[in-house]
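Here is the structure we will look at.
In my numbering, the protein residues as written are 1 to 195.
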């Protein structure tokens, strides 16, 4: 995969399940793009499953996969959030949140058992998701005189950027979104029109 593509999941929530020694692990994979969205979803699960012992989660945001967090919510350190995050990483996903709700079954699973349980529940939720490859886009706004309209539209036709907005006035402007790797070429071609 090139540097201007990333893999995420669709808006359909993927649900997973795992049980071990009467403990139940309910997993939910959500498509998210902001930390605010993550917080709202986690708060909703805490309310919905108020009687559960733990609501653990991990998320990864952004095409560069540089914003991420794992939370054990009271489980022994690195036995819940980290295995969930591990599943996100091993599937190469981003813009995803996985929440795993644990109902304690009365028998301690030990750190190894917990890691397996959270990893398995997270993997099951991902297996019930549809993945999509998206392009990292760069947005370019170009201002030009009306007589250049045909030249601008020819470049748009040849390079196929997505037209975000355009206005036709004394000075026209067009905002285009294009695959990041093609942005320098588009900027260069548009700038040459002005000379």
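Glycine is no exception: its CB is placed at the ideal position from the N, C-alpha and C atoms.
Using the rule of at least 16 other Cβ atoms within 10 Å of the residue's Cβ for burial, across every protein chain shown, is residue i buried or exposed?
i, result
"residue 120", "buried"
"residue 215", "Any answer about residue 215 is impossible in this case: the structure gives the chain only from 1 up to 195."
"residue 163", "exposed"
"residue 125", "buried"
"residue 161", "buried"
"residue 16", "buried"
"residue 8", "buried"
"residue 22", "exposed"
"residue 143", "exposed"
"residue 146", "exposed"
"residue 35", "exposed"
"residue 154", "exposed"
"residue 6", "buried"
"residue 79", "buried"
"residue 168", "exposed"
Assign residue i to one of three DSSP states: helix, strand, or coil.
i, result
"residue 231", "The question about residue 231 has no answer, for the chain in this structure spans 1 to 195."
"residue 146", "helix"
"residue 79", "coil"
"residue 12", "coil"
"residue 45", "helix"
"residue 158", "helix"
"residue 176", "strand"
"residue 183", "helix"
"residue 1", "For residue 1, the predicted model reports a pLDDT of 49, less than 50, meaning its position is unreliable; a value from the coordinates is still stated below. Reduced to three states, the DSSP call for residue 1 is coil."
"residue 52", "coil"
"residue 194", "coil"
Compute the minimum distance between the beta carbon of residue i and the heavy atoms of the ligand GTP, and state whether it is under 6 Å.
i, result
"residue 93", "Absence of the ligand GTP from the depicted structure is noted, as is the absence of any ligand whatsoever, leaving it without description."
Give me the residue from the options with the minimum Cα distance to residue i.
i, options, result
"residue 112", "146, 77, 135 and 60", "77"
"residue 63", "75, 138, 14 and 95", "95"
"residue 19", "192, 13 and 115", "115"
"residue 3", "27, 191, 133 and 84", "133"
"residue 190", "157, 169 and 170", "157"
Runs of 3 residues minimum, wholly inside the segment 85-117: which ones carry the beta strand (DSSP E) assignment? 96-103
With three or more C-beta pairs closer than 8 Å as the rule, is the segment 141-150 touching the segment 41-54? no
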